[in-house]
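**Student:** I have a structure here, written as structure tokens, and I will follow up with some questions on it.
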Amino acid sequence: MARRAWYWLLALPFIALLDVPIYDRIDPRWAGIPFFYWYQLAWVVLTAALLAVVYVATRVRGR
Amino acid sequence: MNITVAVFAALVLFASALGFTAARRKSGELRDLQEWALGGRRFGTLLSWFLLGGDLYTAYTFVALPALVYGVGALGFFAVPYATIAYPIVFLFLARFWNIAHERGYMTVGDFVRGRYESRMLEIAVAATGVLAALPYIALQIVGMKAVLAQLGGVVALGGGAMPLIVAFALLAAYTYFGGLRAPATIAVFKDILIYATIAAAIVIIPHALGGWHAIFDAAGRALATPLHPQPLLIAPQMQFAYATLALGSAFSLFLYPHAITSLLSAKSADVVRRNAALLPLYSILLGIIALLGFAALAAGIHAAPNEIVPILFARFFPPWFTGLADATIVIGALVPASIMALGAANLFVRNVIAPISGRIPSASAAATKWLTLAFCALSLLLVLYMNVKFAIYFQLLGGAWVLQTAPAIFFGLHSRTIPARALLAGWLTGMVAASYFAVSDGFSPLVAFHIGNFSVTGFIAVYAVLLNLAIAFAATLLLRFRPSEIEAA
């Protein structure tokens, strides 16, 4: 895959977090925490993972 | 002296001592500005991580965020999406900014604007905006410290807490003056160990004592519910756009602040910047947990000034010695960013406001920048001691909306120069006036509602202002493009 194509993965956190109606609800809860909160916390972890993937995939080797 | 105050004082003094070790180690080279202000641009992944973490996740965040959640519920949680989408922005744009800055030897956003657009007017505009936004931010770090000192009492409450604040800030100013960026970088490592310990304890002890998260959310929901807002644990449908714009606008402005750029440029390579974009979200998880402490305070039935609920929670649920540690964490968490903010703002002001006005090329000497760093520390302290805290909060809010108005000049300058300096300047001016007007017209609320017929859209003032800013910049670009041909035709 071309380097630039990988960057499109980084659009996902924007869509997932800025489209508020998709996660603005209480259920399902996780460990008692309403969906609204754990969904956003889960996206912190997912965003870090996506950044790690894109970093490794687009790294210029030999430096 | 009780055990809480003793532990607190010992840890804060130890952190200050760490700051001074940074000054002693490199004293010979510290006369060079690159060395003093950017740590010689040699920080690796780990030190950059500590430094950026210490810089972006400030004491004020740790005090104000739970305070916001405590006061308004779910809307206060916007800091979590904000501190998440900020990192793809760092990865995609700021790594490139690092490359350009490194190649050309830029030390500030002002240098970048001067180099890219060859416009000293735009350089002064962007730099002055950054300085104006940084000052209230430093002041709010002191507000965070004050909230802790007020809770501690005893020796640290001397003169209503003013005495220890002055001592802490004198220490801060001194080690920043002597050690430059290496001083807060060294303290940041220590500060982070304390933060992780405090949060780990808070997340285990506090929910357990309050009957678990389910009970905490239910109790907090009941405490916050009003007839107008029956579901305070969620965002009301008419506020969802506001929530998204608060997150997006804040994410784009985060790295336009002088302290963020200073820490960013101290990294030794663009690769370090990219790696940190993937590693820094770890702090955002802490941020989310800390925000939830606002609900814990509601569930615990704490009635206090919102800024004081975190120290009160610590005092109620932690053993005395650990309360001292947790309180010291907040104060040290204020000293690190305050130091970097004063340093970054001073550097920006000397290089990109004073130098272009006085017509001299910024000299390599750090003397003027060092003195101005001291002046900014003193100014912020005076702001807190003699002005209303509300004023500092309003000023900081306005600063956040202002700093986003410099975004077009920076982000467009990364890839091309299609938008000329004059168009960007016109956009910036429009954005600054609009942001100020929106803020003042609605009693300093970060949100403003627009009515179109029966339809009303509430959003973040900074985002509305930057949309106007962009519209003017694009329109001016078109006008400037077409004018020369018209003259030719005539």
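Chains E and S supply the protein sequences, listed in that same order. Using numbering that gives the first Met the number 0, the first residue of the first sequence is number 0, and each one after it goes up by one. Using numbering that gives the first Met the number 0, the first residue of the second sequence is number 0, and each one after it goes up by one. Heads up, the beta-carbon is just placed ideally off N, CA and C, and yes, glycines get one too. Predicted model only: the values in this text are computed from it and were never measured.
To which residues of the same chain is S:Arg350 closer than 7 Å at the C-beta, ignoring the five residues directly before and after it?
**Tutor:** The residue you call residue 350 of chain S lines up with position 351 of the second sequence. So the list reads Met106, Thr107, Gly109, Asp110 and Pro361, once near-sequence residues are dropped.
**Student:** Which chain E residues are close to S:Ser283, counting only those with a beta carbon under 8 Å from its beta carbon?
**Tutor:** Along the second sequence, read from residue 1 onward, the residue named residue 283 of chain S stands at position 284. Chain E residues near S:Ser283: Val43.
**Student:** Tell me which residue opens and which closes the beta strand (DSSP E) that S:Phe454 is part of.
**Tutor:** As a first step, residue 454 of chain S must be located in the second sequence, where it is residue number 455. Start and end: Phe454 to Phe459.
**Student:** Could you work out which residue in S:Val432, S:Ala304, S:Ala408 and S:Ala133 is closest to S:Met120 when comparing CA atoms only?
**Tutor:** For the purposes of this step, residue 120 of chain S is identified with residue 121 of the second sequence, where counting begins at 1. When each option's Cα is compared against that of S:Met120, the closest is S:Ala408.
**Student:** Quick check: is the beta carbon of S:Ile84 nearer than 8 Å to any beta carbon in chain E?
**Tutor:** Position 85 of the second sequence, counted from the start, is the residue given in the question as residue 84 of chain S. Cβ-Cβ to chain E under 8 Å: yes for S:Ile84.
**Student:** Using three-state DSSP, classify S:Asp217 as helix, strand or coil.
**Tutor:** Within the second sequence, residue 217 of chain S is the residue found at index 218, counting from 1. The answer is helix: DSSP assigns S:Asp217 an H, G or I state.
**Student:** E:Pro20 versus chain S: which residues are under 7 Å apart at the beta carbon?
**Tutor:** In the first sequence, the residue the question calls residue 20 of chain E occupies position 21. Per Cβ cutoff of 7 Å: Gln239.
**Student:** Just verifying my parser: in three-state terms, what is the DSSP assignment at E:Leu65?
**Tutor:** There is simply no residue 65 of chain E to check, as chain E begins at 0 and stops at 62 in what is shown.
**Student:** What's the call for E:Trp29, buried or exposed, on a 16-neighbour Cβ count within 10 Å?
**Tutor:** Here residue 29 of chain E refers to the residue found at position 30 of the first sequence. By the neighbour-count rule (16 or more Cβ atoms within 10 Å), E:Trp29 is not buried but exposed.
**Student:** Among the residues of its own chain, which have a CB less than 7 Å from the CB of S:Ile288, if the five just before and after it don't count?
**Tutor:** Counting from one through the second sequence, the residue named residue 288 of chain S turns up at place 289. Around S:Ile288, the same chain offers Ile198 and Ile202 as residues with beta carbons nearer than 7 Å, after the five sequence neighbours per side are excluded.
**Student:** Should S:Lys190 go down as buried or exposed, given a rule of 16 or more other Cβ atoms within 10 Å for buried?
**Tutor:** Against the second sequence, residue 190 of chain S aligns to sequence position 191. With 16 or more Cβ atoms within 10 Å of its Cβ, S:Lys190 is classed as buried.
**Student:** Distance check for E:Arg24 and E:Leu11, CA to CA, integer angstroms please.
**Tutor:** Position 12 of the first sequence holds residue 11 of chain E. Position 25 of the first sequence holds residue 24 of chain E. The straight-line gap from Cα to Cα measures roughly 20 Å.
**Student:** Just checking my contact of S:Leu93 with S:Leu342 at CB under 8 Å: how many whole Å lie between their CB atoms?
**Tutor:** As a first step, residue 93 of chain S is located in the second sequence; it is residue number 94 there, counting from the start. As a first step, residue 342 of chain S is located in the second sequence; it is residue number 343 there, counting from the start. Rounded, the Cβ-Cβ distance is 19 Å, inconsistent with contact.
**Student:** Exposed or buried, what is S:His207 when buried is set at 16 or more other beta-carbons lying within 10 Å of its beta-carbon?
**Tutor:** Against the second sequence, residue 207 of chain S aligns to sequence position 208. That one is exposed.
**Student:** Residues of chain S with CB closer than 7 Å to the CB of E:Ala30, please, in chain order.
**Tutor:** Reading the first sequence from its first residue, position 31 is the one you call residue 30 of chain E. Going along chain S in sequence order, the residues near E:Ala30 (Cβ under 7 Å) are Trp212.
**Student:** Which residues in the same chain as S:Pro231 place their Cβ atom closer than 7 Å to its Cβ, once the five residues preceding and following it in sequence are excluded?
**Tutor:** Counted from its first residue, the second sequence places residue 231 of chain S at position 232. Leaving aside the five residues that flank S:Pro231 on each side, the residues in its chain whose CB is nearer than 7 Å to its CB run, in chain order, Gly72, Ala73, Gly220, Leu223 and Ala224.
**Student:** So, with DSSP's three-state summary, where would you put S:Ser26?
**Tutor:** In the second sequence, residue 26 of chain S corresponds to position 27, counting from 1. Note that S:Ser26 scores a pLDDT of 49, beneath 50, so its modelled location is shaky and nothing firm can be said.
**Student:** Short of 8 Å in beta carbon distance, which residues of its chain neighbour S:Leu134, apart from the five on each side in sequence? Order them along the chain.
**Tutor:** Locating residue 134 of chain S in the second sequence gives position 135, counting from the first residue. These residues qualify, in order along the chain: Ala344, Phe375, Leu378, Ser379, Leu382, Phe394 and Gly398.
**Student:** Alpha carbon to alpha carbon, how far is S:Met386 from S:Ala489? Give it in angstroms, no decimals.
**Tutor:** For this step, residue 489 of chain S is matched to residue 490 along the second sequence. For this step, residue 386 of chain S is matched to residue 387 along the second sequence. Note that S:Ala489 scores a pLDDT of 44, beneath 50, so its modelled location is shaky and nothing firm can be said.
**Student:** With 9 Å as the limit, tell me which residues of the stretch 109-132 of chain S have their beta carbon closer than that to any beta carbon of chain E; keep them in chain order.
**Tutor:** So nothing in the stretch comes that close.
**Student:** Identify the residues that DSSP records as bridge partners of S:Ala448: which are they?
**Tutor:** Here residue 448 of chain S refers to the residue found at position 449 of the second sequence. Paired residues: S:Thr457.
**Student:** Considering only residues of the same chain and omitting the five flanking positions on each side of S:Leu45, which have a CB-CB separation below 6 Å?
**Tutor:** For the purposes of this step, residue 45 of chain S is taken as the residue at position 46 of the second sequence. Correct list: empty, nothing qualifies.
**Student:** So which residues on chain S does E:Arg24 lean against when the C-beta distance must stay under 8 Å?
**Tutor:** In the first sequence, residue 24 of chain E corresponds to position 25, counting from 1. The contact set of E:Arg24 on chain S, defined by CB atoms closer than 8 Å, consists of Leu233 in chain order.
**Student:** Let's test the definition: count the other Cβ atoms within 10 Å of the Cβ of E:Val59 and tell me whether it reaches 16, buried, or not, exposed.
**Tutor:** As a working note, residue 59 of chain E is residue 60 in the first sequence. Counting Cβ neighbours within 10 Å, E:Val59 comes out exposed, since fewer than 16 surround it.
**Student:** So the candidates are S:Val388, S:Gln404, S:Ser357 and S:Ile339; which of them puts its Cα closest to the Cα of S:Thr372?
**Tutor:** Stepping through the second sequence from its first residue, residue 372 of chain S is reached at position 373. The shortest C-alpha separation from S:Thr372 is found at S:Ile339.
**Student:** Any idea what DSSP makes of S:Phe42, helix, strand or coil?
**Tutor:** Mapped onto the second sequence, residue 42 of chain S falls at position 43. Correct three-state label for S:Phe42: strand.
**Student:** In chain E, which residues lie with their C-beta within 9 Å of the C-beta of S:Val79?
**Tutor:** The sequence position of residue 79 of chain S within the second sequence is 80, counting from 1. Ordered by position in chain E, the residues that pass the 9 Å Cβ test against S:Val79 are Leu16, Tyr36, Gln39, Leu40, Trp42 and Val43.
**Student:** List the residues of chain E whose Cβ lies closer than 9 Å to the Cβ of S:Arg273, in chain order.
**Tutor:** The residue labelled residue 273 of chain S in the question sits at position 274 within the second sequence. Leu50, Val53, Tyr54, Thr57 and Arg58, listed in chain order.
**Student:** Does the CB of S:Ala266 have a neighbour CB from chain E at under 8 Å?
**Tutor:** Residue numbering aside, residue 266 of chain S sits at position 267 when the second sequence is read from its first letter. No, because no Cβ of chain E sits closer than 8 Å to the Cβ of S:Ala266.
**Student:** State buried or exposed for S:Asn306, treating a residue as buried only when at least 16 other CB atoms are found within 10 Å of its CB.
**Tutor:** Locating residue 306 of chain S in the second sequence gives position 307, where the first residue counts as 1. Buried, since its Cβ has 16 or more Cβ neighbours within 10 Å.
**Student:** Which same chain residues end up closer than 7 Å to S:Ala314 when comparing Cβ atoms and leaving out the 5 residues on each side of it in sequence?
**Tutor:** On the second sequence, position 315 is the one that residue 314 of chain S refers to. Closer than 7 Å at Cβ, skipping near neighbours: Gln150 and Thr322.
**Student:** Quick check: the stretch 48-58 of chain S against the stretch 231-244 of chain S, are at least 3 beta-carbon pairs closer than 8 Å?
**Tutor:** no
**Student:** In the DSSP output, which residue or residues are listed as bridge partners for S:Ala266?
**Tutor:** Translated into positions along the second sequence, residue 266 of chain S becomes position 267. DSSP lists S:Phe42 as partners of S:Ala266.
**Student:** Rounding to the nearest angstrom, what Cα-Cα distance links S:Phe42 and S:Thr368 in this structure?
**Tutor:** Position 43 of the second sequence, counting from 1, holds the residue named residue 42 of chain S. Position 369 of the second sequence, counting from 1, holds the residue named residue 368 of chain S. For S:Phe42 and S:Thr368, the distance between alpha carbons rounds to 21 Å.
**Student:** Quick check: what's the CA-CA separation for S:Leu247 versus S:Pro318?
**Tutor:** Stepping through the second sequence from its first residue, residue 247 of chain S is reached at position 248. Stepping through the second sequence from its first residue, residue 318 of chain S is reached at position 319. Taking the straight line joining both Cα atoms gives about 39 Å.
**Student:** Would DSSP call S:Asp186 helix, strand or coil?
**Tutor:** As a first step, residue 186 of chain S must be located in the second sequence, where it is residue number 187. Reading off the sequence, residue 186 of chain S comes out as Ile, not Asp. Three-state DSSP puts S:Ile186 in a helix.
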